[in-house]
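Asker: Quick one: structure below, then a few questions.
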């Protein structure tokens, strides 16, 4: 009767779900840490307040939220980075992150971008096409691209989202 006990069935589904939740919680914790570096009090920091609300919507435990705020308060050596890149067919890609070693992270991300044919842009050359909001960057003008370009950007986003130091990725591709 191999494979007929209930736990073996639950374990398979639970493991996949737990892995996905852990990835989301990690991204949210990084976003909270970035926001908390400016001011750890959510009453005076609207960005932090919106990140905490988003974490609560994802059912992130309160202990994890407080730990992320505490980490930002105690650990001033963490650095933010923002990378602008041109994707397939001239689409814009903005990558935000938080790292303990900015040169290492930037170099590793440059390698990932280069492997996928994405070119780095000069700082500020793509930001004009995006509006900064509490939720992140929203494109002012969506760019229409082919399905092949959309799949390449989706693959790039999937690879970058697996990295712990990348907190958010934004594109101006029309959906």
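Residue numbers (the working numbering): 3 to 177.
Using N, Cα and C, we set each Cβ at its ideal position, and we do this for glycine too.
(1) Which value, in whole angstroms, describes the spacing of the CA atoms of residue 40 and residue 66?
(2) Does the Cβ of residue 68 have 16 or more other Cβ atoms within 10 Å, making it buried, or fewer, making it exposed?
(3) Under 8 Å, with one C-beta from each stretch per pair, do the stretch 20-27 and the stretch 46-55 reach the 3-pair mark?
(4) Identify, in the order they occur along the chain, each residue of the same chain with its Cβ nearer than 6 Å to the Cβ of residue 96, setting aside the five sequence neighbours on each side.
(5) First and last residue of the alpha helix (DSSP H) that includes residue 18?
(6) In whole angstroms, what is the alpha-carbon distance linking residue 37 and residue 152?
(7) Ordered along the chain, which non-local residues of its own chain (more than five positions away) have a Cβ less than 7 Å from that of residue 128?
(8) Write down the C-beta distance between residue 116 and residue 107 rounded to the nearest angstrom, noting that I regard them as a contact closer than 8 Å.
(9) Alpha carbon to alpha carbon, how far is residue 6 from residue 50? Give it in angstroms, no decimals.
(10) From residue 79 to residue 42, what distance separates their C-alpha atoms?
(11) Let me know the secondary structure DSSP gives residue 95 once reduced to three states.
Answerer: Concretely, from the data shown:
(1) Along the chain shown, read from residue 1 onward, the residue named residue 40 stands at position 38. Along the chain shown, read from residue 1 onward, the residue named residue 66 stands at position 64. Distance between the alpha carbons of residue 40 and residue 66: 19 Å.
(2) Translated into positions along the chain shown, residue 68 becomes position 66. Exposed is the call here.
(3) No, the stretch 20-27 does not touch the stretch 46-55.
(4) As a first step, residue 96 must be located in the chain shown, where it is residue number 94. Excluding its 5 nearest sequence neighbours in each direction, residue 96 has C-beta neighbours in its own chain below 6 Å: 86, 139 and 172, listed in chain order.
(5) In the chain shown, residue 18 corresponds to position 16, counting from 1. Under the DSSP assignment, residue 18 falls in the alpha helix (DSSP H) whose first and last residues are 8-40.
(6) Counting from one through the chain shown, the residue named residue 37 turns up at place 35. Counting from one through the chain shown, the residue named residue 152 turns up at place 150. If you take the alpha carbons of residue 37 and residue 152, they lie about 30 Å apart.
(7) Taking the chain shown and counting its residues from 1, one reaches residue 128 at position 126. For residue 128, where only same-chain residues beyond five positions count, the Cβ hits under 7 Å are 86, 94 and 96.
(8) Here residue 116 is taken as the residue at index 114 of the chain shown, counted from 1. Here residue 107 is taken as the residue at index 105 of the chain shown, counted from 1. Going by Cβ atoms, the distance from residue 116 to residue 107 rounds to 15 Å, so no, they are not a contact pair.
(9) Against the chain shown, residue 50 aligns to sequence position 48. Against the chain shown, residue 6 aligns to sequence position 4. Looking at the two C-alpha atoms, the distance is approximately 47 Å.
(10) In the chain shown, the residue the question calls residue 79 occupies position 77. In the chain shown, the residue the question calls residue 42 occupies position 40. The alpha-carbon atoms of residue 79 and residue 42 are separated by roughly 16 Å.
(11) The count along the chain shown starts at 1 and reaches residue 95 at position 93. Note: residue 95 maps to strand in three-state DSSP.
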